[in-house]
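Right, one structure below, let's go through it.
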Amino acid sequence: MTSRHSNWRLDKNSEPSGSKPYNRPKRPPGLRGRAIGLWYRDQMAKKRLDQSSLEVENEDFSSSRARAKEAKLQRKKSFEKLKDEKPLGSILLSDQKKKNINILLNETLDMYPSLQSKNITSYEHLSDTEFKHEFLQHIRGNMMENLKRKCQISKYDNEAENERFLDELKDKKKKHAYKQMQNVRNILPSMKMKKEIIDLIHNNQITVISGETGCGKTTQVAQFILDDLIEKGQGSQCKIICTQPRRISAISVAERVAAERDENIGGSVGFQIRLEKVMPRNRGSILFCTTGVLLKRMETDPSLNEISHIILDEIHERDIISDFLITVLKDVIQFRKDIKIILMSATLNSEAFSKYYNEAPHINIPGFTYPVQEYFLEDVLQMTNFKFEDNRPIWRKKMSVGRKREWHEFIEPYIRQLEAEKKYSRHVTNELRNLEYERVDINLIFELLLKLCFSQKNNDDGAILIFVPGLADIQKLSKLMKESEKFPMSKFIIIPLHSQLPTMDQKQIFKPAPKGTKKIIIATNIAETSITIDDVTTVIDCGFIKISNVDTETGIETLNAEMVSQANAAQRKGRAGRVKPGICYHLITKIRYDLLDKFLKPEVLRKRLEDVILQLKMLQLGKAESFLSKLMDPPESKLVQVSLNLLQRLGALNSEENLTPLGYHMAKLPVPAQCSKMLILASLFSCVDPILSIAASLGFKEANQLSVSQDDSDKRKYQLSMGTKSDHIAMHYALRGYEDAEYKYGFCKEFFLSSSILRLLIEMRKQFAQHLFDMKFTSSSHPRSPSDNLNSDNVALIKAIISAGLYPNVAVVTGCKRVPKLRSVSHEKMEFHPKSVLSKEKSFSSPLIVYHTRIKSSSLYIHDGTIVFPLSLVFFGDQFRIHEKTSNDRFSGVSINGTMRFVCTQSTASAIQNLRDRLNQILEWKVSHPGQVSWAEDNPELRILKTIMELITMEDNEDLDLSDYDDN
DNA sequence: GAGCACTGC
C-alpha cells in the first residue's frame with residue numbers, strides 16, 4: 001500500500017509524455033554470462049556518449065530511465081530492510097480528531113480539479129497565469145536559441161556622448177590631482193606595456209593577461225581600454241565589466257580606480273556586489289563586480305547586451321563561479337562576435353586558460369616584488385636544533401603504497417644526499433630520517449619564533465606572518481607564547497587572524513608596529529589572498545592548509561588539513577616581499593616542496609554540485625552532465641549523479657532533469673536549494689520572519705563568533721536557543737535580538753555575535769522577502785509584516801517547516817550518556833559538532849534531528865540541528881508507506897524514506913495519508929499558482945493547513961520518553 | 001570537545 005511518491009513537484013509520472021520511446025538495443029547472439037553484461041554496459045556507455053552530443057531536449061533519456069529503475073530497486077531493498085528498523089516514535093490521534101479530519105477531507109474534495117489532469121508533465125493544465133507563461137518559456141528555452149535571437153541588436157554609438165567623454169578626459173589631463181595620480185601609475189610595470197595590451201585586446205576577441213602581484217593589471221587594464229576608446233572618439237561604445245572573486249576587492253579596486261581618475265565612485269567607475277552597489281554612468285564606464293553578480297545578471301541577460309568588454313580577474317584561483325563563467329562565455333562569444341573577453345590570472349597557470357580558449361593570445365606583465373629568501377625545514381632544524389616529539393622511526397609497513405614509493409624514490413635519496421654533502425649537522429638528517437609523518441608542529445614554530453625574535457643578528461623591524469591551517473593551531477600557538485612569558489604585550493603585538501574571530505582593532509593589523517615592538521600575525525589562509533598586510537617581511541609557512549573536499553561516491557563533504565600546493569607556498573612566500581626584501585621559512589623539506597602538487601584541486605572538484613546545477617538550469621544550459629563536462633576540469637560523473645538525485649528528491653528537477661515549478665522558485669532565490677523550499681512553505685504557513693533569518697544564516701554564515709582563549713560563546717548561543725533545542729531557532733533569535741536591541745553593540749558583545757554579519761543577514765532577509773513578494777507568495781515585502789507572520793511564534797510549526805526544508809537530512813539520537821550518540825538513517829555513526837546547542841543536551845524528547853550541514857573532519861559532524869517530532873517528517877518526508885500487521889511483519893504503522901518507521905493504528909495511518917495527499921495538492925498548486933493563502937477567511941486551503949498546524953503543535957507539547965527509542 | 005576561504009541584479 002504505497003502512496004504515490006509525493007513531493008510537490010508537478011510531476012508525478014516518471015514516464016515522460018511525448019518523449020521518444022526507448023529502444024533497447026538487441027544483443028548479438030552467442031554471448032554468454034558476463035559477456036552479456038559487458039555488452040550492455042558498453043551499449044549504455046555508447047548511448048550516453050552519443051546523446052550527450054545531441055541537442056538539449058532529447059538527451060540522455062535512457063540514463064534517466066536507468067536512474068529511475070535503480071532508485072526503484074533501492075527503494076524495494078530498503079523496504080525489505082525496514083522490517084529490522086526500530087520504530088522512531090508513535091503517532092496518536094483521538095477518534096474525534098480522525099473524525100474531524102475525515103469530515104474536512106470530504107468537504108474539501110476537488111479543491112483543485114485541474115490537478116487530476118493526466119498530462120501533467122507538459123504543465124498545460126496550469127491556469128493561465130503570468131507564472132505559467134514565465135515558467136513554460138523558461139523550461140522550453142535554451143541558451144543558444146536565446147543568444148541567436150538576442151544578439152542581433154546593433155552596436156550602440158552616440159556622437160554627442162563620444163565628444164563629451166573626450167572633452168572631459170582632455171580637461172582632466174590638465175588637472176594637478178590627475179597628473180599626480182598619473183605619476184604614481186607610471187611606475188607600474190603594466191604601464192610600460194600599455195600599447196601592447198591595447199593592441200592585443202583590439203585585435204583579438206579573447207586575450208589572456210598574466211602578471212604577478214604588483215604589476216598593476218587589476219587597476220590598469222580596464223582603464224587602458226576605456227581611455228583608448230574615449231581618445232578614439234568611441235567612448236560611448238565602451239561598457240566594461242570587470243569581475244573580482246571577493247566583495248571587498250570589488251569595492252576597493254573600484255575606489256582605487258576612481259581615485260586614479262580623480263573622480264568619485266559613480267562617475268565612469270562603479271561597483272556592484274550583492275546588496276550593495278554604486279553604478280557608474282551607463283556608457284564609457286567600468287563596473288567592478290563580484291563573479292556572482294555577473295552570473296546572476298546572465299540569467300536575465302545571457303547575451304550581455306550592451307557590454308563591450310568582460311574582464312575576469314584572478315581566474316587562477318579557480319573558484320567555482322569563475323570556472324563556470326569562462327565556460328558559459330565560450331558559448332556567448334559564438335554569437336556576440338563584437339564582445340571582448342579578457343582573462344587575467346597569475347603567471348603560474350595562465351597557459352592553461354589560453355589553451356582552454358583555443359590558444360588565445362597571451363601576454364605576460366612582469367610583476368614587481370622584492371626578493372624573498374627561502375629556507376626549508378632542514379635549515380630551520382639546523383637553526384633551532386629542534387627535536388620532534390614522540391618521533392619514532394618510520395614504520396614503513398603502515399605507509400600507503402604511494403607514500404612508500406615516494407619515500408624510497410625521492411625522500412630517502414635526498415636525505416642521503418644531504419648527509420653526503422655534510423651541509424647540515426647529523427642531528428638534522430637524523431630528525432628528517434626519523435620523521436614519522438609530516439604534520440604541523442606548533443612547538444617548532446614556537447622555537448623558530450624565539451630564534452627570530454631574540455637572536456642578536458635579527459634587527460628587522462617588519463612584521464612576522466605565520467600561516468597555520470586552522471583555529472586550533474592559532475589557539476595552541478597563542479597559548480604557548482603567552483605561557484612562555486617571552487612575548488610580553490609591551491614588546492609584541494600578537495594578532496590572530498581567522499574569519500570567525502572578532503576583528504580586533506582594524507588599524508592595529510595594518511599599521512606598522514610602534515618602535516620597539518614587533519607585530520606577529522598568526523593567520524589561516526585568509527592572509528593568503530583576502531587580507532594583505534603590507535609591512536610583513538618574514539613569513540613562516542607551516543606547509544599545510546585546511547581544505548574542503550567531497551567523497552565522489554557518497555557525496556559526503558570533508559574538511560581536513562592537507563599539504564599546500566606550490567602555488568600556495570609561492571603566494572605565502574610573496575607576502576614577505578611587499579615593501580622590502582623578506583624571508584620565508586617553509587616548514588617542509590626542499591624535496592617535499594618539489595614533490596608538492598602545482599595547484600590545489602579546483603573548487604568545482606571539491607564541492608557538491610546542487611547549487612551549480614540549479615544555476616546552470618536557470619541559465620538554460622541543458623543537461624547538467626553535458627554542460628559540466630565542458631568545464632576546464634569536469635567533475636566526476638558519479639558526483640553529478642549524486643547531486644542530481646538529491647535535486648530530484650527535493651522536487652526541484654523532474655525525471656527528465658527539467659526544473660519543476662518548485663525548482664524554478666528554488667533556483668531564483670539566492671539561497672541553498674533546501675532553504676528556498678523552507679521559505680516558500682513559510683509564506684504559505686504565514687511565518688516568514690524566523691525562516692528568513694534561518695535561510696539567510698544557513699546560506700551565508702552564522703553570526704556567532706569564536707574566541708582564542710576560553711569559549712563563552714557556546715554558552716551564549718545556548719542561551720539564544722531559549723530551550724528550543726534548535727540551532728536554527730537560535731539563529732532566528734540572534735537576529736531578532738539584534739533588531740530589537742536598543743544598544744546593538746552591547747548585544748553583540750554579550751552574545752559573541754558579529755554585527756557586520758548580522759547587518760548583512762538583515763539585508764539578505766529583506767532581499768528574500770522582496771523575492772517572495774515579487775513571486776506573489778506574500779502580501780508584503782517587509783520581513784516582519786504582521787500578515788505574513790501570523791504564526792511566527794509557533795515554535796513547533798517553525799521546526800516542522802525547517803524539517804520540511806532540510807529533509808532528507810535526518811539523524812537519529814540513539815542514546816545520551818556523556819554526550820548524545822547519533823546515527824544517520826542509514827546507520828552511519830555521527831556526532832553533533834560541539835558548536836551545536838544540541839551537543840550539550842542531556843535529554844531528548846524525540847530522537848529525530850534534522851540538519852543542514854554535515855562535514856567529516858575528525859568525526860562525521862552535524863554542524864546545526866533541530867529536534868523534530870514524527871508528524872513533521874511524516875507530513876513532509878517522501879516515500880510514505882502504510883504498513884499493516886501481517887504474518888512476517890508485526891509492525892503496524894507508517895514509514896517514510898524507506899528507513900524510518902512510526903507506530904500508529906491503521907485508521908490513524910489512513911487519516912494521515914489522506915491529509916498528507918491533500919497537503920501535497922496544496923503545495924503543488926501553490927508553487928505553480930503563486931499566491932498567498934488567505935488566513936483571514938475559512939477557505940479550504942486554510943482549513944487543511946490549519947489542521948496540520950494544530951496536529952504538529954499538539955505533538956510538540958507531548959513529552960515523549962527517550963528510553964523507548966534507546967538502542968541500548 | 002572543536003569551526004579553511006569565498007560568493008548570489
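In case it helps, the UniProt record's numbering puts the first sequence at residues 1 to 968.
Glycine included, each C-beta is placed from N, C-alpha and C at the ideal position.
- For Glu557, which of helix, strand or coil comes out of DSSP? Working through the first sequence from its first residue, we reach residue 557 at position 557. Strand at Glu557.
- Query: Where Pro189 and Ile209 are concerned, what is the direct C-alpha to C-alpha distance, given to the nearest angstrom?
  - Reply: Within the first sequence, numbered from 1, the residue matching residue 189 stands at position 189. Within the first sequence, numbered from 1, the residue matching residue 209 stands at position 209. Straight-line Cα distance between these residues: approximately 13 Å.
- Query: Measuring CB to CB, does Phe288 end up less than 7 Å from Val253?
  - Reply: Position 288 of the first sequence holds residue 288. Position 253 of the first sequence holds residue 253. Taking 7 Å as the Cβ cut-off, Phe288 and Val253 qualify as a contacting pair.
- Return the chain-ordered ranges of every alpha helix (DSSP H) run that is complete within the region 154–226 and spans a minimum of 4 residues. Correct list: 159–174, 176–186, 189–192, 194–203.
- In terms of alpha-carbon separation, which member of His728, Ala652, Leu706 lies closest to residue 971? Lying before the first or after the last residue shown, residue 971 is absent from the chain, which here runs from 1 to 968.
- Can you pull the DSSP bridge partners for Ala523? One-based indexing of the first sequence puts residue 523 at position 523. In the DSSP output, where bridge partners are listed per residue, Ala523 has Phe467, Leu497.
- Task: With DSSP as the reference, label Tyr593 as helix, strand or coil.
- Result: For this step, residue 593 is matched to residue 593 along the first sequence. Of the three classes helix, strand and coil, the one that applies to Tyr593 here is helix, per DSSP.
- Query: What's the gap between the Cα of Gly233 and the Cα of Tyr743?
  - Reply: Working through the first sequence from its first residue, we reach residue 233 at position 233. Working through the first sequence from its first residue, we reach residue 743 at position 743. Cα to Cα, the separation comes out at about 55 Å.
- With a CB to CB cut of under 7 Å and the five nearest residues on each side skipped, what residues in its chain are close to Lys766? Position 766 of the first sequence, counted from the start, is the residue given in the question as residue 766. Pro783, listed in sequence order.
- Which one or two residues does DSSP pair with Lys617 in a beta bridge? As a position in the first sequence, residue 617 is number 617, starting the count at 1. DSSP lists no bridge partner for Lys617.
- Task: Measuring alpha carbon to alpha carbon, tell me which of Ile944, Ser94, Thr866 ends up nearest Asn106.
- Result: Within the first sequence, residue 106 is the residue found at index 106, counting from 1. With distances taken between Cα atoms, Asn106 lies closest to Ile944.
- Query: CB-CB under 7 Å to Ile952, same chain, minus the five flanking residues each way: which ones, in chain order?
  - Reply: In the first sequence, residue 952 corresponds to position 952, counting from 1. Result list for Ile952: Ala796, Leu797, Ala800, Leu871, Ser872, in chain order.
- Task: Starting from Ala333, follow its DSSP beta bridges and name the residues at the other end.
- Result: Within the first sequence, residue 333 is the residue found at index 333, counting from 1. The sequence given here has Ile at residue 333, not Ala. None; Ile333 has no bridge partner.
- Message: For a quick check, are the C-beta atoms of Tyr851 and Asn809 less than 7 Å apart?
- Response: For this step, residue 851 is matched to residue 851 along the first sequence. For this step, residue 809 is matched to residue 809 along the first sequence. Yes, the Cβ-Cβ distance between Tyr851 and Asn809 is below 7 Å.
- Message: For a test of the three-state rule: what should DSSP assign to Gly931, helix, strand or coil?
- Response: In the first sequence, counting from the first residue as 1, residue 931 sits at position 931. Three-state result, Gly931: coil.
- Message: Here's the rule: buried if 16 or more other CB atoms are within 10 angstroms of the residue's CB, otherwise exposed. What is Asn186?
- Response: Here residue 186 refers to the residue found at position 186 when the first sequence is read from its first residue. With fewer than 16 Cβ atoms within 10 Å of its Cβ, Asn186 is classed as exposed.
- Message: According to DSSP, simplified to helix, strand and coil, what is Pro820?
- Response: Taking the first sequence and counting its residues from 1, one reaches residue 820 at position 820. Strand at Pro820.
- Could you check how far apart the C-beta atoms of Ile466 and Ile445 are, in whole angstroms? I think they sit under 8 Å. Looking up residue 466 in the first sequence gives position 466. Looking up residue 445 in the first sequence gives position 445. That pair is a contact at about 6 Å.
- Query: How is Phe880 classed by DSSP in three states: helix, strand or coil?
  - Reply: For the purposes of this step, residue 880 is identified with residue 880 of the first sequence, where counting begins at 1. Looking at Phe880 - three-state DSSP - the assignment turns out to be coil, as it is neither helix nor strand.
- Item | Residue from Asp740, Lys835, Val813, Leu650 with nearest C-alpha to Gly877 | Translated into the one-based positions of the first sequence, residue 877 becomes position 877. The shortest C-alpha separation from Gly877 is found at Leu650.
- Between the Cα of Lys179 and the Cα atoms of Ile339, Glu260, Pro661, which residue gives the shortest distance? Translated into positions along the first sequence, residue 179 becomes position 179. The option with the nearest alpha carbon to Lys179 is Glu260.
- Query: Comparing alpha-carbon positions, which option in Lys72, Ile240, Ser127 lies nearest Gly931?
  - Reply: Within the first sequence, the letter at position 931 stands for residue 931. Cα-wise, what sits closest to Gly931 is Ser127.
- From the DSSP output, read off the bridge partner residues of Asn549. On the first sequence, residue 549 is found 549 positions in, with the first residue counted as 1. Asn549 is bridged to Thr558.
- Item | Where Lys47 falls: helix, strand or coil (DSSP) | In the first sequence, counting from the first residue as 1, residue 47 sits at position 47. Any reading at Lys47 is ruled out, since the residue's pLDDT is 49, under 50, leaving its predicted position unreliable.
- Message: Could you check whether the region 652–669 touches the region 895–913, counting it as contact only if at least three pairs of C-beta atoms, one from each stretch, sit closer than 8 Å?
- Response: no
- Ignoring anything shorter than 4 residues or poking outside the region 318–393, list the alpha helix (DSSP H) runs there in chain order. Positions of the alpha helix (DSSP H) runs, each at least 4 residues long and wholly inside the region 318–393, are given as 320–335, 350–356, 377–384 in order along the chain.
- Have a look at the DSSP bridge pairing and note the partners of Ile855. One-based indexing of the first sequence puts residue 855 at position 855. Answer by DSSP bridge pairing, in chain order: Glu557, Tyr861.
- Whole-Å CB distance - Asp541 paired with Leu587, under 8 Å assumed: Within the first sequence, numbered from 1, the residue matching residue 541 stands at position 541. Within the first sequence, numbered from 1, the residue matching residue 587 stands at position 587. About 7 Å; that satisfies the 8 Å criterion.
- Do you know offhand how far Lys337's Cα is from Gln205's? Walking along the first sequence from the start, residue 337 turns up at place 337. Walking along the first sequence from the start, residue 205 turns up at place 205. Their backbone Cα atoms lie some 7 Å apart in a straight line.
- Rank Ile495, Thr589, Ala769, Lys132 by C-alpha distance to the C-alpha of Tyr424 and give the top, closest one. Within the first sequence, the letter at position 424 stands for residue 424. Among Ile495, Thr589, Ala769, Lys132, the Cα nearest to that of Tyr424 is on Thr589.
- Item | Endpoints, beta strand (DSSP E) assigned at Gly270 | Position 270 of the first sequence, counting from 1, holds the residue named residue 270. Segment 269–273, the beta strand (DSSP E) holding Gly270.
- Could you check the C-alpha separation between Thr219 and Val257 for me, to the nearest Å? To locate residue 219, count along the first sequence from 1; it is residue 219. To locate residue 257, count along the first sequence from 1; it is residue 257. Thr219 and Val257 have their alpha carbons spaced roughly 6 Å apart.
- Query: What residues in its chain sit with their C-beta under 7 Å from that of Leu480, if we drop five residues either side in the sequence?
  - Reply: For the purposes of this step, residue 480 is taken as the residue at position 480 of the first sequence. These residues qualify, in order along the chain: Ile442, Phe446.
- Task: Mark Arg318 as exposed unless 16 or more other C-beta atoms lie within 10 angstroms of its C-beta, in which case mark it buried.
- Result: For the purposes of this step, residue 318 is identified with residue 318 of the first sequence, where counting begins at 1. The residue in question, Arg318, is buried, as its Cβ has 16 or more Cβ neighbours within 10 Å.
- Item | Neighbour-count burial assignment, Pro245, 16 or more Cβ in a 10 Å radius | As a working note, residue 245 is residue 245 in the first sequence. Its Cβ being crowded by 16 or more others within 10 Å, Pro245 is buried.
- Whole runs of the beta strand (DSSP E) within the region 235–272, excluding any shorter than 3 residues: 239–244
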